[in-house]
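The structure appears below as structure tokens.
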Amino acid sequence: MIKKSLTVAALAAGVVLSLAPHAGADSTDPAKFSDRTADFVNYTDVSGALAAKDTGKLIIVSPYGTSRTIACRGNGQDVAWYDCKQQDDLGWINLQEQDLPVVGKAWVYTLQSDPNA
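This is how it looks when you write it as structure tokens:
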């Protein structure tokens, strides 16, 4: 019984890991996700958010701030960051890119409802 439980747990963990975006630290392939957490500044850091454009940082509007991994595709040079996600308690949440008054581009954590529900 214990062996069967461990097997089921291992399979479940494998499925979760295969579905999660892979966040490699130094991905040079702009089509792959890479950990970009260090490139973000929390919107609650007012001086950092106001200076984000000038310092090359991106703004995150999220209940987790920069305390949870943020992964994006792109490379920040010839391919702008796109398709960003943030890890939360249940997996990965898509971040929406929005233009905010005064500060410019920000990535916003939003729970999206299912339009078919």
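Mapping of the sequence shown onto this note's numbering: residues 64 to 180, in sequence order.
Beta carbons are placed, not taken as given, at the ideal position from N, Cα and C, and that holds for glycine.
Everything numeric in this text was worked out from a predicted model, so none of it was measured.
Check whether the Cβ atoms of L163 and Y172 lie closer than 8 Å to each other.
As a first step, residue 163 is located in the sequence shown; it is residue number 100 there, counting from the start. As a first step, residue 172 is located in the sequence shown; it is residue number 109 there, counting from the start. With respect to Y172, L163 sits apart: the two C-beta atoms are not nearer than 8 Å.
Look at F96 and A134 and say whether their C-beta atoms are less than 8 Å apart.
Here residue 96 corresponds to residue number 33 of the sequence shown, with the count starting at 1. Here residue 134 corresponds to residue number 71 of the sequence shown, with the count starting at 1. Closer than 8 Å, so yes.
In the DSSP assignment, what are the bridge partners of R136?
Translated into positions along the sequence shown, residue 136 becomes position 73. DSSP lists Y145 as partners of R136.
What residues are listed by DSSP as bridge partners for K116?
Within the sequence shown, residue 116 is the residue found at index 53, counting from 1. Per DSSP, none; premise fails for K116.
Return the chain-ordered list of same chain residues with a C-beta closer than 6 Å to the C-beta of G167, the five sequence neighbours on each side being excluded.
Counted from its first residue, the sequence shown places residue 167 at position 104. Counting only residues of its own chain and dropping the five nearest sequence neighbours on each side, G167 has a CB closer than 6 Å to the CB of K116.
Which of helix, strand or coil DSSP assigns to A101:
Stepping through the sequence shown from its first residue, residue 101 is reached at position 38. Helix at A101.
Excluding five sequence neighbours on each side, which residues of the same chain lie with their C-beta closer than 6 Å to the C-beta of W144?
In the sequence shown, counting from the first residue as 1, residue 144 sits at position 81. Answer for W144: C135 and G137, listed in chain order.
Boundaries of the beta strand (DSSP E) in which K168 is found, first to last residue
For this step, residue 168 is matched to residue 105 along the sequence shown. Per DSSP, the continuous beta strand (DSSP E) segment holding K168 begins and ends at G167 to Y172.
According to DSSP, residues forming a beta bridge with D151
The residue given as residue 151 occupies position 88 in the sequence shown. Its beta-bridge partners are G154.
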